[in-house]
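In our numbering, the protein residues as written are 18 to 192.
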């Protein structure tokens, strides 16, 4: 070797891939916890769906359970996208990402709405302790809100914009 030659520096580590890998691991751990705990809540409240408060707890648990399942699915799909050559341009992967994205958004919004409805029910019960909230109206409000978001999310979905976003996030340089 030439003693006067300047050593070439090592290429910097790819911190983006490491960051995404750590993010996927944390996402998977949170997903397992969410699935386990919300499954317990669903099993506990499934027998009293005719009453308003257990129904809201059940609906809240189901929407959070769907969010947890989608978080686990996101981890798996992004892991598939990080592996070089493994279904990088597969339309099926992008369709699954789009579908899980829609379900995540809808379940998160329904969860927020059910929490709001639950807070309103509790407020009515505190202010007027002998007044009951109509169970059918609560069911209709939650079902209507869910249907509106489902229809509007499906209508606005653009798989090409999701593909562009994912490909820009996970662009792997190949030599």
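Think of the CB as a built atom: it goes at the ideal place given N, C-alpha and C, for glycine as much as any other residue. Since this is a predicted model, take the numbers as computed values, not measurements.
Residue i - containing alpha helix (DSSP H), residue span
{"i": "residue 147", "result": "Per DSSP, residue 147 belongs to no alpha helix (DSSP H) and is neither H nor E."}
Close beta carbons around residue i, own chain, < 7 Å, minus the five adjacent residues each side
{"i": "residue 56", "result": "82"}
{"i": "residue 66", "result": "72 and 75"}
{"i": "residue 63", "result": "75"}
{"i": "residue 148", "result": "141"}
Any chain D beta carbon closer than 8 Å to residue i
{"i": "residue 168", "result": "Protein chains in the displayed structure number just one, and chain D is not present."}
Inter-residue spacing [alpha-carbon to alpha-carbon] between residue i and residue j
{"i": "residue 93", "j": "residue 112", "result": "14 Å"}
{"i": "residue 164", "j": "residue 42", "result": "33 Å"}
{"i": "residue 189", "j": "residue 87", "result": "Since pLDDT at residue 189 reaches only 45, below the 50 mark, its modelled position is unreliable, and no value is offered."}
{"i": "residue 49", "j": "residue 119", "result": "20 Å"}
{"i": "residue 125", "j": "residue 152", "result": "22 Å"}
{"i": "residue 143", "j": "residue 114", "result": "43 Å"}
{"i": "residue 139", "j": "residue 168", "result": "30 Å"}
Environment of residue i [buried if 16+ CB atoms lie within 10 Å]
{"i": "residue 1", "result": "In the structure as shown, the chain starts at 18 and stops at 192, and residue 1 therefore has no counterpart that could be examined."}
{"i": "residue 85", "result": "buried"}
{"i": "residue 77", "result": "buried"}
{"i": "residue 131", "result": "buried"}
{"i": "residue 98", "result": "buried"}
{"i": "residue 155", "result": "buried"}
{"i": "residue 69", "result": "buried"}
{"i": "residue 61", "result": "exposed"}
Contacts around residue i, its chain only, beta-carbon distance under 8 Å, and the 5 residues preceding and following it disregarded
{"i": "residue 21", "result": "none"}
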